[in-house]
Amino acid sequence: MRTLELDEAALALHERINRTRESYPEHLAVGELFARIAAERPQAIALRYRERELSYAQLNAQANRLAWQLLARGVQTGDVIAVVLPRSPELIVALLAILKAGASYLPIDPAWPEQRIHELFRQTACDCLVGDESARRDPRLSRYRQASLDEAGEDPGNPPLEVAADAIAYINFTSGSTGTPKGVPIPHRGITRLVCNARYARLDENSRLLQMAPVTFDAATFEIWGALLLGGTCVLYPDAFVRASRLQRVLQEQRISVLFLTTALFNTLVDEAPQALAGVDTVLTGGEAHSLRHMAKALALYGTERIVSVYGPTESTTFATFHPVRELREEDTALPIGLPIQNTRVYLVDGGRLCGPGQSGEVCLAGPGLSPGYLGLPESTRERFFECRIGERRERLYRTGDRCYFRTDGALVFQGRMDDQVKINGFRIELGEVAYHLNRHPQVRQSFVTVTEAAHGEKALVAFVVAAAPSCCPQRLRDDLAARLPGYMVPGRIQLCASLPLSATGKIDRRRLLATLQPSGEPAHEHQ
1 MRTLELDEAA LALHERINRT RESYPEHLAV GELFARIAAE RPQAIALRYR
51 ERELSYAQLN AQANRLAWQL LARGVQTGDV IAVVLPRSPE LIVALLAILK
101 AGASYLPIDP AWPEQRIHEL FRQTACDCLV GDESARRDPR LSRYRQASLD
151 EAGEDPGNPP LEVAADAIAY INFTSGSTGT PKGVPIPHRG ITRLVCNARY
201 ARLDENSRLL QMAPVTFDAA TFEIWGALLL GGTCVLYPDA FVRASRLQRV
251 LQEQRISVLF LTTALFNTLV DEAPQALAGV DTVLTGGEAH SLRHMAKALA
301 LYGTERIVSV YGPTESTTFA TFHPVRELRE EDTALPIGLP IQNTRVYLVD
351 GGRLCGPGQS GEVCLAGPGL SPGYLGLPES TRERFFECRI GERRERLYRT
401 GDRCYFRTDG ALVFQGRMDD QVKINGFRIE LGEVAYHLNR HPQVRQSFVT
451 VTEAAHGEKA LVAFVVAAAP SCCPQRLRDD LAARLPGYMV PGRIQLCASL
501 PLSATGKIDR RRLLATLQPS GEPAHEHQ
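Numbering (the UniProt record's numbering), first residue to last: 1 to 528.
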């Protein structure tokens, strides 16, 4: 076990900001907690989708039917069940049913390439999925056992399973630098810690949360369970893609009280549809570094009591810190990521030493929101998760790879990644994984993948390629990547070049490469 070096000022600062203990149902699994809410508020509306509504009693009954069906098919505690469903009430029923059956859900996007889908099934030892008619007709999924909601019968009641709070609730996959995605299992306790007695927003039976993120993106964890485990209403966004005018109508008609937006979508709405957010009580935004220009405009539009910046990697169950945006200081060069949320602890570490006021270091996280580690990757787990002693306290820490410094008030200010990992529209992308797949192509000699930023603050991937053959074609390279990677990891532009210029230190000169790009307008915004 490591022991971090520290001085009194550093220890005092961390002890002050880490007084985050709040009561929450730490011994209850999600399914049991939801069943209690349903028993207390059976007629309250749990889900709204277009013209459909499901009460808590109806949602609980439908989830029970599917859970018993899964158990009858031989699903065991700890099994992994894939979910291949579009945003719909059936999706929420499936997630809840899988948890009630003592299993973990694995979100699958049917738009993903076949190779990636099979790789995720392989890594999780998953051989069963819940899908709809499209999934049953999909030849890529024919090798797996399938269950569906329309096979369900009468309501047999809640399954009498005792699911531990530290059992795995779901598995999200993040980008990996070796070309292989990394599975991040999240325990039930991570979810309850995220949404119960929240510091960053008011979440209760009166809350109405909009669910827009794909279930493959960890923001969906907040959007779904932040409503359903507190007795509120989860409103499912009715369309696959977000359009500003449509979103404004949905927010107003559904009286949404709490909303999460990726940084890029927040910037777009502030610029193009500023009235869209006028009636929302709390707007949470994060996923990338914030634009101070857009934040200043938002403060002028919406006041100083409604915007909250949130930060957190998948490995800590969605959110780890928050910063209510009350003002922007003249000296600010970046918006703070703030202070830890409830039942979460943050440490700033540099070279084995705990950082003090004004010092910069790597953000390390602790608390019940942490994943147990990467699925089947013990070396990666040991690299990122470690136990240490901090003063008199023993902690298990997760190294985020993000660099921050302490502001004078103790708030953390983001300075950037310590490696080449980026976030675009909230999706975390390892640039090395994209380059890895590009470099495997026989017509590619060398490649460099980076990020460009448009006026709205929207980021986009761009790749520079040194061809190995005269016939090398950017569109064919994009098509090849699209067969291997999710769409958000495929560069919007691939530019051929004779060579990759180097800086005086021998590194690829990103600035010189970007200077060769021809203007092509802003990237089209596609929300998850």
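Cβ coordinates follow ideal geometry from the N, Cα and C atoms, glycine included.
All values derive from a computational prediction rather than experimental measurement.
Residue i beta carbon near the ligand PLP (any heavy atom closer than 8 Å)
{"i": "Ala-72", "result": "Absent from the structure shown: the ligand PLP. Ligands present: none."}
Beta-carbon contacts of residue i that lie in its chain and below 6 Å, excluding the five residues immediately before and after
{"i": "Ala-103", "result": "Val-75, Asp-79, Ile-81"}
{"i": "Gly-338", "result": "Thr-321, Phe-322, His-323, Ala-411"}
{"i": "Asn-18", "result": "Arg-345"}
{"i": "Val-258", "result": "Ala-201, Ser-207, Leu-209, Thr-282"}
{"i": "Leu-106", "result": "Val-80, Ala-82, Thr-124, Cys-126, Ile-171"}
{"i": "Pro-274", "result": "Leu-301"}
{"i": "Glu-53", "result": "Ile-45"}
{"i": "Ala-220", "result": "Ala-213"}
{"i": "Thr-318", "result": "Leu-194, Asp-218, Thr-221, Phe-222, Gly-312"}
{"i": "Pro-238", "result": "Arg-50"}
{"i": "Pro-159", "result": "Ala-67, Lys-100"}
{"i": "Asp-7", "result": "none"}
{"i": "Val-422", "result": "Ile-429, Val-451"}
Own chain partners of residue i with C-beta closer than 7 Å, once the 5 adjacent residues on each side are dropped
{"i": "Ala-388", "result": "It should be noted that the sequence gives Cys, not Ala, for residue 388. So the list reads Met-1, Arg-2, Thr-3, Leu-4, Glu-395, Leu-397, once near-sequence residues are dropped."}
{"i": "Gly-286", "result": "Thr-263, Ser-309, Val-310, Tyr-311"}
{"i": "Pro-324", "result": "Val-308"}
{"i": "Glu-15", "result": "none"}
{"i": "Asp-127", "result": "Tyr-144, Arg-145"}
{"i": "Val-490", "result": "Arg-478, Leu-481, Ala-482"}
{"i": "Leu-28", "result": "Ala-165, Thr-192"}
Minimum C-alpha distance to residue i - residue among the options
{"i": "Asn-64", "options": "Ala-44, Ala-38, Ala-296", "result": "Ala-38"}
{"i": "residue 530", "options": "Ile-168, Pro-181, Glu-154", "result": "This structure cannot speak to residue 530, because the chain is shown only from 1 to 528."}
{"i": "Arg-478", "options": "Pro-470, Phe-464, Ala-469", "result": "Phe-464"}
{"i": "Gly-373", "options": "Val-349, Glu-315, Val-413", "result": "Glu-315"}
{"i": "Glu-379", "options": "Tyr-237, Leu-91, Lys-182, Ile-17", "result": "Lys-182"}
{"i": "Arg-243", "options": "Ile-171, Gly-226, Phe-260, Leu-269", "result": "Leu-269"}
{"i": "Gln-123", "options": "Pro-139, Thr-180, Ala-111", "result": "Thr-180"}
{"i": "Ala-46", "options": "Gln-211, His-27, Arg-511, Gly-351", "result": "Gln-211"}
{"i": "Thr-20", "options": "Glu-453, Arg-407, Pro-340, Val-30", "result": "Pro-340"}
{"i": "Ser-471", "options": "Met-489, Pro-442, Thr-450, Val-451", "result": "Pro-442"}
{"i": "Glu-154", "options": "Ala-94, Leu-247, Gln-58, Glu-205", "result": "Gln-58"}
{"i": "Val-280", "options": "Val-422, Ala-454, Gln-248", "result": "Gln-248"}
{"i": "Thr-450", "options": "Leu-461, Arg-440, Ala-10, Gly-457", "result": "Leu-461"}
{"i": "Thr-174", "options": "Arg-476, Pro-357, Glu-433", "result": "Glu-433"}
{"i": "Leu-284", "options": "Leu-71, Gly-426, Ser-148", "result": "Gly-426"}
{"i": "Gln-43", "options": "Phe-260, Arg-493, Gly-231", "result": "Gly-231"}
{"i": "Arg-140", "options": "Cys-355, Ala-111, Leu-71, Glu-383", "result": "Ala-111"}
N-terminal and C-terminal residue of the alpha helix (DSSP H) that residue i is part of
{"i": "His-437", "result": "431-439"}
{"i": "Val-30", "result": "30-40"}
{"i": "Ser-380", "result": "378-384"}
{"i": "Ile-224", "result": "219-228"}
{"i": "Ala-97", "result": "89-100"}
{"i": "Phe-260", "result": "Per DSSP, Phe-260 belongs to no alpha helix (DSSP H); it is in the beta strand (DSSP E), 258-262."}
{"i": "Tyr-302", "result": "292-302"}
Spatial neighbours of residue i in its chain, beta-carbon cut-off 8 Å, leaving aside the 5 residues before and after
{"i": "Ile-508", "result": "Phe-448, Leu-500, Pro-501, Leu-502"}
{"i": "Ala-12", "result": "none"}
{"i": "Ala-289", "result": "Thr-263, Ala-334, Leu-335, Phe-414, Gly-416"}
{"i": "Ala-278", "result": "Leu-301, Tyr-302"}
{"i": "Leu-229", "result": "Val-30, Leu-33, Phe-34, Ile-37, Ile-191, Thr-192, Val-195, Cys-196"}
{"i": "Ala-467", "result": "Gln-443, Val-444, Arg-445, Leu-496"}
{"i": "Thr-505", "result": "Reliability fails at Thr-505, whose pLDDT of 42 lies under 50, so the model's placement of it is uncertain and the value that follows must be treated cautiously. Result list for Thr-505: empty, nothing under 8 Å."}
{"i": "His-118", "result": "Arg-140"}
{"i": "Gly-352", "result": "Arg-2, Leu-4, Glu-5"}
N-terminal and C-terminal residue of the beta strand (DSSP E) that residue i is part of
{"i": "Val-413", "result": "412-417"}
{"i": "Leu-54", "result": "52-55"}
{"i": "Asp-402", "result": "393-406"}
{"i": "Gln-421", "result": "421-424"}
{"i": "Thr-216", "result": "No beta strand (DSSP E) contains Thr-216, which DSSP labels as neither H nor E."}
{"i": "Val-466", "result": "459-467"}
{"i": "Arg-48", "result": "45-49"}
Identity of the residues DSSP links to residue i by a beta bridge
{"i": "Leu-269", "result": "Answer is none; Leu-269 lacks a bridge partner."}
{"i": "Val-308", "result": "Leu-284, Pro-324"}
{"i": "Ile-17", "result": "Answer by DSSP bridge pairing: none, since Ile-17 is not bridged."}
{"i": "Ala-147", "result": "Val-130"}
{"i": "Glu-205", "result": "Looking at the DSSP assignment, Glu-205 forms no beta bridge with any residue, so it has no partner."}
{"i": "Leu-365", "result": "Val-346, Tyr-398"}
{"i": "Val-184", "result": "Asn-172"}
{"i": "Ile-81", "result": "Tyr-105"}
{"i": "Cys-388", "result": "Arg-2, Glu-395"}
{"i": "Pro-340", "result": "Thr-321"}
{"i": "Ile-117", "result": "According to DSSP, which records beta bridges pairwise, Ile-117 is partnered with nothing at all."}
{"i": "Thr-452", "result": "Ala-460"}
Tell me, please, whether the region 247-259 touches the region 291-299 by the rule of three or more beta-carbon pairs shorter than 8 Å. no
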